[in-house]
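As given, the protein sequences belong to chains A and B, one line each in that order. Residue numbering for the first sequence follows the numbering used here, beginning at 118 and increasing consecutively. Residue numbering for the second sequence follows the numbering used here, beginning at 118 and increasing consecutively. See structure below.
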Amino acid sequence: MSIAGQIPWKGLPVLAAGLGLWELSSRFFPLVGNYFPPATEVFVTLAAIVGSGEILLHAAASLARFVEGYALAATIAVSAGLCLGLWRPLYMLFEPLIELLRPMPSPATIPIAILFLGIGDEMKVAVTAYACSWPILLNTIDGVRSIDPVLMNTAATFRLNPWERFWKVTLPAASPQIVTGLRVSLAIALILVTTSEMIVSNDGLGFYVLDLQRSFRIREMYAAIVALAMIGYALNRLFVAVDDWVMAWHKGLTRKEEIP
Amino acid sequence: MLEVRALKKEFQALSGQPVVAVEDFSFRVEAGQFVSIVGPSGCGKSTLLQCIAGLSPPTAGRVLLHGRAVTGPPEGLILLFQEYNKSLMAWRTVFKNVRFVLENPANMKRSEIDAETQRFIELAGLKGFESHYPWELSGGMQQRVAIARALARRPEVLLMDEPFGSLDALTRMELEDTLLRLWESLHATILFVTHDIEEAVYLSDRVCVLSGRPSRLLEEIAVKLERPRNQLSTREDPGFIQTRHRIFKLISKELAVP
Ligand SMILES: Nc1ncnc2c1ncn2[C@@H]1O[C@H](COP(=O)(O)OP(=O)(O)OP(=O)(O)O)[C@@H](O)[C@H]1O
Ligand SMILES: [Mg+2]
């Protein structure tokens, strides 16, 4: 399945109208224009800061943190989730802890992380990984525990050993929900990378946006924010493309026939 | 060979009320026999099969296979689930769903495994659907995938829980005959749950009639019809009609149908 085939062309008029409204209101109402430079100018500025390479360094720093934090969370949370989903006693042991930590807003971990890890990359990666872990962990646990007993009984009657049962039944059966968790965490990772960079950093898009605002480079600030939105969109597209390919069976299973 | 002694299975409903599904159930199945179990819906037939398959521990009593107590899924015994659609792997194609049960006792070469898989897919009438996913098939076809998969394992004892329930009459007759042929050639022992009295008589050496819940063994009826059986002549045989009549009387007494 191609990525282009998934772009929601039908929504294009609304998108165009939004941009048009931005452009016109900013040009004809000075009050708006003071805070919102016209869309065209923002995009020209974006091209300029990309051209000069200024934004690219920051984007690279943010992406590196994003990848490290997300990968760390995916590895740890999927493994932990599988263990907790498979062994009920283990889950009972950890349930109160999970229920206590989960509702805490993740940015609250930033001061703690600074205390332990300083203000460098480790802190940002750790905070990102922590925040991303929750949806992945909870979805993985739930995915494993909601596997139909008939399926597990089938594995039992065919006498699969625990190894085969895990790789051939448990993991694939739970995979749709694991993927859901991974997808939710994608956006969370970007939020935490940016937030932590805004709090303490000397590079990265979060730092860059705040720095631009403080030095009254408003056009550049908007350009950087647009860049952030575009990166988020691109990452999500990439995820969906991989998901469609790996989980084609699940897409087919849950696809609804469209009623014309 | 397979023996059930004073088996009892009690469930605890969520309301806390105990539900006795099976009560004091005993019987024996000799090697190579084809035995059917008929009984009213909800009487505990699936529960009984799960206990025999070692998937659900009995509350009291024992299951013995070759004289050894069954405590977990025994080797050489396969249960074909009533919820066939839930027992298929949605992420595997038809071919791989069947192939999967041959992969795990790895005593065959790849090419042999593939040939064997293909053979059972064709026996179940699924030729041409090898690369389809289960959810792309009709209910009856899914049921045939589950049947092909169970047979491909060539079990010594096969427990079948209403395996032909969602098939049309013609496919059903065809698969009944396929099953009988395979049963003879594989020298398997089959315990077959059905709600279709005629099907039970047609296939079996013996029919066990269960009472309503808690299910006890009401009567075991030997079917003395010659083999190989034939869909037309066997079903017209006076012996067939008599046996069917007897079983019907027994069950309708349970259901209080005149
Ligand atoms: N897990 C369970 N918890 C509580 N009660 C159960 C459970 N499983 C089965 N039962 C009860 O046991 C009884 C027998 O169920 P079972 O599925 O064995 O019936 P059955 O004879 O196979 O019925 P059918 O012909 O409709 O398939 C039912 O009354 C059911 O309510
Ligand atoms: Mg049943």
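Each residue gets a CB set at the ideal place from its N, CA and C atoms; glycine is no exception. Small disclaimer: the values here were computed from a predicted structure and weren't measured.
Proximity test, residue i beta-carbon vs ligand 1 heavy atom, cut-off 7 Å
i: residue 128 of chain B; result: yes
i: residue 159 of chain B; result: yes
i: residue 138 of chain B; result: yes
i: residue 333 of chain B; result: no
i: residue 156 of chain B; result: yes
i: residue 378 of chain B; result: Within the shown structure, residues of chain B are numbered from 118 to 375, placing residue 378 of chain B beyond reach of any answer.
i: residue 183 of chain B; result: no
i: residue 304 of chain B; result: no
i: residue 352 of chain B; result: no
i: residue 179 of chain B; result: no
i: residue 312 of chain B; result: yes
i: residue 330 of chain B; result: yes
Near ligand 2: residue i beta-carbon under 7 Å from a heavy atom
i: residue 199 of chain B; result: yes
i: residue 162 of chain B; result: yes
i: residue 278 of chain B; result: yes
Neighbour list for residue i in chain A, Cβ cutoff strictly below 8 Å
i: residue 203 of chain B; result: 265, 267, 268
i: residue 218 of chain B; result: 275
i: residue 292 of chain B; result: Near residue 292 of chain B there are no residues of chain A at all, since even the closest Cβ is about 20 Å away, more than 8 Å.
i: residue 270 of chain B; result: 275
Proximal residues of chain B, C-beta to C-beta of residue i below 7 Å
i: residue 277 of chain A; result: 221
i: residue 241 of chain A; result: Simply none; closest approach about 37 Å.
i: residue 366 of chain A; result: 207, 208, 250
i: residue 303 of chain A; result: The premise fails here: residue 303 of chain A is roughly 23 Å from chain B at the closest Cβ pair, so nothing lies under 7 Å.
Separation of residue j from residue i, as counted between CA atoms
i: residue 356 of chain B; j: residue 205 of chain A; result: 55 Å
i: residue 217 of chain A; j: residue 127 of chain B; result: 38 Å
i: residue 122 of chain B; j: residue 171 of chain B; result: 14 Å
i: residue 70 of chain B; j: residue 216 of chain B; result: Nothing can be reported for residue 70 of chain B, as the shown portion of chain B is limited to 118 through 375.
i: residue 144 of chain A; j: residue 313 of chain A; result: 34 Å
i: residue 326 of chain A; j: residue 175 of chain A; result: 10 Å
i: residue 369 of chain A; j: residue 361 of chain A; result: 10 Å
i: residue 366 of chain B; j: residue 224 of chain B; result: 49 Å
i: residue 161 of chain B; j: residue 193 of chain B; result: 24 Å
i: residue 363 of chain A; j: residue 284 of chain A; result: 16 Å
i: residue 118 of chain A; j: residue 295 of chain A; result: Interpretation of residue 118 of chain A is limited by its pLDDT of 45, a score under 50 that renders its predicted location unreliable; the figure taken from the coordinates is listed afterwards. When rounded, the distance between both Cα atoms is 21 Å.
i: residue 215 of chain A; j: residue 249 of chain B; result: 41 Å
i: residue 195 of chain A; j: residue 250 of chain A; result: 8 Å
i: residue 153 of chain A; j: residue 167 of chain A; result: 20 Å
i: residue 242 of chain A; j: residue 156 of chain A; result: 33 Å
i: residue 311 of chain B; j: residue 282 of chain A; result: 30 Å
i: residue 230 of chain B; j: residue 239 of chain B; result: 14 Å
i: residue 304 of chain B; j: residue 273 of chain B; result: 7 Å
i: residue 346 of chain B; j: residue 198 of chain B; result: 26 Å
i: residue 224 of chain A; j: residue 309 of chain A; result: 7 Å
i: residue 177 of chain A; j: residue 227 of chain A; result: 21 Å
i: residue 372 of chain B; j: residue 329 of chain B; result: 8 Å
i: residue 145 of chain B; j: residue 130 of chain B; result: 30 Å
i: residue 261 of chain B; j: residue 263 of chain A; result: 26 Å
i: residue 271 of chain A; j: residue 196 of chain B; result: 8 Å
i: residue 370 of chain B; j: residue 319 of chain B; result: 22 Å
i: residue 348 of chain B; j: residue 358 of chain B; result: 13 Å
i: residue 159 of chain B; j: residue 327 of chain B; result: 11 Å
i: residue 151 of chain A; j: residue 342 of chain A; result: 17 Å
Residues bridged to residue i [DSSP beta-bridge criterion]
i: residue 186 of chain B; result: B:181
i: residue 357 of chain B; result: None, per the DSSP bridge assignment.
i: residue 125 of chain B; result: B:177
i: residue 278 of chain B; result: B:310
i: residue 338 of chain B; result: B:324
i: residue 145 of chain B; result: B:120
i: residue 139 of chain B; result: B:126, B:332
i: residue 155 of chain B; result: B:326
Residues that residue i contacts on chain A, provided the C-beta gap is smaller than 7 Å
i: residue 190 of chain B; result: 273, 274, 276
i: residue 196 of chain B; result: 274
i: residue 172 of chain B; result: 270, 273, 274
Interface residues of chain A facing residue i [CB-CB closer than 9 Å]
i: residue 200 of chain B; result: 265, 267
Closer than 7 Å: residue i CB and nearest ligand 3 heavy atom
i: residue 272 of chain B; result: Inclusion of ligand 3 in the displayed structure is not the case, the ligand content consisting of ligand 1 and ligand 2 alone.
Per-residue contacts from residue i into chain B (C-beta, under 9 Å)
i: residue 127 of chain A; result: None at all; the shortest Cβ gap to chain B is about 28 Å.
8 Å Cβ cut-off: residues of chain B touching residue i
i: residue 370 of chain A; result: 207, 250, 252
What are the start and end residues of each continuous beta strand (DSSP E) run of 3 or more residues lying completely inside the stretch 288–334 of chain B, in chain order?
306–310, 323–327
Can you check the stretch 301–371 of chain A for any beta strand (DSSP E) of at least 3 residues that lies completely inside it and give the ranges in chain order?
none
Going along the chain, which unbroken runs of the alpha helix (DSSP H) with 4 or more residues stay wholly within the stretch 182–240 of chain B?
201–204, 211–220, 227–240
Please give me, in chain order, every unbroken run of the alpha helix (DSSP H) with length at least 4 that falls completely inside the stretch 181–245 of chain A.
205–218, 226–234
Whole alpha helix (DSSP H) elements within the stretch 122–152 of chain A, 4-residue minimum:
129–145, 147–152
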